[in-house]
Amino acid sequence: MKLSDLQKTFAEALVLPSSIADDAKWRSRGETAFTGNDRVTPIGQLDIYREQFWIRHVNCLREDFPVLLALVGDEKFEAIVRDYLDAFPPKKFQLRHLGENLADFLAKRDDELLADLARVEWAFIDAFDAPDAPPLDPATIGAIAEDDWPNARLVLHPSLQLLRLAFPTNRMRDAWWSDKEKRPIERVEREPTNVVVYRHKTMLLYTEVMEALPFEMLTLLASGKSLGVAGDELAASHPDRAGEIESSIGEWFTRWSALGWISRVVV
Amino acid sequence: MNFRERHRIPDLGIGVGFRPKHAKDVLEGGGSKDVGWYEIVSENYMVGGGRLMDNLQRLRDAYTVIPHGVCMSIGAVEKLDEDYLARLKTLVRAIDPPYFTDHVCFCKASGLDLHDLLPLPYTREAIEHVAPRIRHVQQTIEKPFALENVSSYLAYKSSEMTEWEFIAELAEKADCGILLDVNNVYVSAFNHGFDAEKFIDGIPAERVVQIHLAGHTDKGSYLLDTHSDHVKAEVWALYQRAIRRTGAVSTLIEWDEQIPTFDVLAKEAALARKHRDEAL
Chain A
6 MKLSDLQKTF AEALVLPSSI ADDAKWRSRG ETAFTGNDRV TPIGQLDIYR
56 EQFWIRHVNC LREDFPVLLA LVGDEKFEAI VRDYLDAFPP KKFQLRHLGE
106 NLADFLAKRD DELLADLARV EWAFIDAFDA PDAPPLDPAT IGAIAEDDWP
156 NARLVLHPSL QLLRLAFPTN RMRDAWWSDK EKRPIERVER EPTNVVVYRH
206 KTMLLYTEVM EALPFEMLTL LASGKSLGVA GDELAASHPD RAGEIESSIG
256 EWFTRWSALG WISRVVV
Chain B
9 MNFRERHRIP DLGIGVGFRP KHAKDVLEGG GSKDVGWYEI VSENYMVGGG
59 RLMDNLQRLR DAYTVIPHGV CMSIGAVEKL DEDYLARLKT LVRAIDPPYF
109 TDHVCFCKAS GLDLHDLLPL PYTREAIEHV APRIRHVQQT IEKPFALENV
159 SSYLAYKSSE MTEWEFIAEL AEKADCGILL DVNNVYVSAF NHGFDAEKFI
209 DGIPAERVVQ IHLAGHTDKG SYLLDTHSDH VKAEVWALYQ RAIRRTGAVS
259 TLIEWDEQIP TFDVLAKEAA LARKHRDEAL
């Protein structure tokens, strides 16, 4: 058998969800390609790799989504992630990316709570190893002329993850991680919540729950809009609160700078 | 001059795999006198920043660090991933190790990344396919490259030679180094019924830049390379045989599952030193 055919056989077999050791078609293919021995049949040899494929990937997702696992229990979690891996087989070399579509996968199954929980857990993974960026240099702020501020764009710290949640699943995550006894998690009720997950300069990860207005402003700025355009768009969306927005932008900027969320201001 | 002499491959003594769990012991607790160097899993450090990269910088400032890849997929029929190589090169430049390593295997097939060290058939076709890829990687990264023999759980009917003959011929043709994993030799020897000593004796000693040691798990009808336990007595014996052939080369203890405290790992490193000193 040629190298290319052998490798195709592996790709085909390893993603199969259950044992192929007793499958007649696979048994025949195994006898063509593999030697077997007095303890393991030819197809049994390939089945060892298939079994390890599932153990490795399910365990990886267990590690990345411990709160989701704690909420639904081991059996249901394994069923979910096996379906997920079937829909999104691994295509990136780093296992670190394995769960990147899980939240969207759960949302498509109309499980909003689980999707929001997965979203929060994934945000921590993305924030953990996002690129570093230096903190905002106050000297550069002082050098910006007043007339230039409306055109200024904020470069946010790469670790910043902006989450608009239907359920405050950040509370479930916080409760699980802070409970040394790891008691069962209580589900939260629906309550639209805006959360920022970020990495502090100490390398520790934090969450910040935000009011709607500053969160929308931050989202506009994160999309690359200038301070002036973002402020105008926000005011247009909330005409009854235009004055409040105008008077709050300075305060928000100061707060976000103090948290290390802004790394540069580009004029 | 042989491979090690040409590339001035140093003997680093005994090292262990650096795992996040031990970061505090190593970076703040002074590590252990029994551990002279550390190996990292390359792909875990191909990320933007954060604590992992900060720890790596601190580790690099204090010790020699060898990057050991698990995802290059040097034996795949698919094209080498040039983006992967660019990221590996960035990492290698940041660490500046004497060499870098990966495995004689494939990980990718049909567009999937299977995240396993899948064995190649020991054929001329495989050698002709893999050797130029090794040369390309070595030229791209601009550092000596060594490849490790993997544990395997199946054997191909199409194989035309033994695994050690395959590795020796491949290394010669590609002019690369060998990372001899003695535990993998033991595991594969049990799984396929060959003589592990013949494997050790058949590897070109002058190309061996490093030796790996680890524990494995007995699954009844086969041995599984789990890196989850102490090195077994039979593997220590094989290690002594190997190190007598190679002379003093860097040796690493791998422990990746049920990771013990750093003290336990350091004791295993001390045991490796004892076995090594006895053999040399």
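Read top to bottom, the protein sequences are chains A and B. In my numbering, each residue carries its 1-based index in the first sequence increased by 5. In my numbering, each residue carries its 1-based index in the second sequence increased by 8. All C-beta atoms, glycine included, are put in the ideal place defined by N, C-alpha and C.
- From the beta-carbon of Gln-166 (chain A), no residue of chain B is found nearer than 9 Å; the closest lies around 13 Å away.
- At a cut-off of 9 Å between beta carbons, Ser-196 (chain B) makes no contact with chain A.
- Within the stretch 116-143 of chain A, contact with chain B at the beta-carbon level (separation under 9 Å) is assigned to Ala-132, Phe-133, Asp-134, Ala-135, Pro-136, Asp-137 and Ala-138.
- DSSP places Gln-50 (chain A) inside the alpha helix (DSSP H), whose first and last residues are 47-69.
- The beta carbon of Val-20 (chain A) is closer than 6 Å to those of Pro-94 in its chain, skipping five residues each way along the sequence.
- Of all residues in the stretch 241-260 of chain A, none comes within less than 9 Å of chain B when Cβ atoms are compared.
- Judged by pairs of C-beta atoms under 8 Å, the stretch 139-153 of chain B does not touch the stretch 194-207 of chain B, as fewer than three such pairs exist.
- Only residues of its own chain outside the window of five on either side were considered, and among them Phe-110 have a CB closer than 7 Å to the CB of Ala-92 (chain A), listed in chain order.
- Contact annotation: Arg-67 (chain A) and Val-86 (chain A) have beta-carbon atoms nearer than 9 Å.
- Sequence-ordered contacts of the stretch 38-62 of chain B with chain A read Glu-51, Asn-52, Met-54, Val-55, Gly-56, Gly-57, Gly-58, Arg-59, Leu-60, Met-61 and Asp-62 [C-beta pairs closer than 8 Å].
- Apart from the 5 residues on each side of it in sequence, Phe-172 (chain A) sits with its Cβ closer than 6 Å to the Cβ of Leu-118, Asp-121, Val-193 and Arg-195 in its chain, given in chain order.
- Taking C-beta separations shorter than 8 Å and ignoring five residues to either side along the sequence, the partners of Leu-99 (chain B) in its chain run Ser-50, Tyr-53, Met-54 and Pro-75, following chain order.
- One Cα belongs to Leu-260 (chain B), the other to Ala-31 (chain B), and the distance between them is close to 17 Å.
- DSSP places Phe-93 (chain A) in the coil class of the three-state scheme, outside both helix and strand.
- For Ala-117 (chain B), there is no enclosing alpha helix (DSSP H); the enclosing beta strand (DSSP E) has its first and last residue at 114-117.
- The Cβ atoms of Tyr-164 (chain B) and Tyr-130 (chain B) lie closer than 9 Å to each other.
- Across the structure, Gly-37 (chain B) and Gly-44 (chain B) are spaced so that their CA atoms are roughly 14 Å apart.
- Residues of the stretch 109-138 of chain B with a C-beta less than 7 Å from any C-beta of chain A: Phe-114, Ala-117, Ser-118, Gly-119, Leu-120, Asp-121, Leu-122, His-123, Asp-124, Leu-126, Pro-129, Glu-133, Ala-134 and His-137, listed in chain order.
- Look at Leu-165 (chain A) here: in three-state DSSP terms it is coil, with no helix or strand label.
- Among the CB atoms of chain B, none fall inside 9 Å of the CB of Ile-25 (chain A).
- Beta bridge pairing from DSSP links Glu-151 (chain A) with no other residue.
- Collapsing the DSSP output to three states places Met-169 (chain B) in coil.
- Residue pairing by DSSP places Arg-246 (chain A) opposite no residue, since no beta bridge is assigned to it.
- Tyr-71 (chain B) carries a coil assignment under DSSP once its states are collapsed to helix, strand and coil.
- Cβ-Cβ distances below 7 Å link Phe-207 (chain B) to Glu-171, Trp-172, Val-193 and Ala-197 in the same chain, with the five nearest sequence neighbours on each side left out; the list follows chain order.
- Residues Ile-142, Gln-146, Phe-153, Ala-154 and Leu-155 of the same chain have their beta carbon placed closer than 7 Å to that of Cys-184 (chain B), with the five preceding and five following residues left out of the count.
- For Met-215 (chain A), the beta-bridge partners assigned by DSSP are A:Asn-199.
- Interface criterion not met: the Cβ of His-224 (chain B) is under 9 Å from no Cβ in chain A.
- Interface annotation, Ile-53 (chain A): in contact with chain B, CB-CB separation under 9 Å.
- Setting aside the 5 residues that flank it on each side, Pro-22 (chain A) is surrounded in the same chain by Trp-59, Arg-87 and Asp-91, each with a C-beta closer than 8 Å to its C-beta; the list follows chain order.
- It is roughly 45 Å from the alpha-carbon of Leu-264 (chain A) to the alpha-carbon of Ala-117 (chain B).
- Contact between the stretch 245-264 of chain B and the stretch 209-222 of chain B is present: three or more C-beta pairs spanning the two stretches fall below 8 Å.
- DSSP places Thr-37 (chain A) in the helix class (H, G or I) of the three-state scheme.
- Within the stretch 12-38 of chain A, contact with chain B at the beta-carbon level (separation under 8 Å) is assigned to Gln-12, Lys-13, Phe-15, Ala-16, Glu-17, Leu-19, Val-20, Thr-37 and Ala-38.
- Spanning the alpha carbons of Leu-218 (chain A) and Ser-183 (chain A) requires a straight line of approximately 29 Å.
- By the Cβ rule, the stretch 26-43 of chain A does not count as touching the stretch 110-124 of chain B, because fewer than three pairs are nearer than 8 Å.
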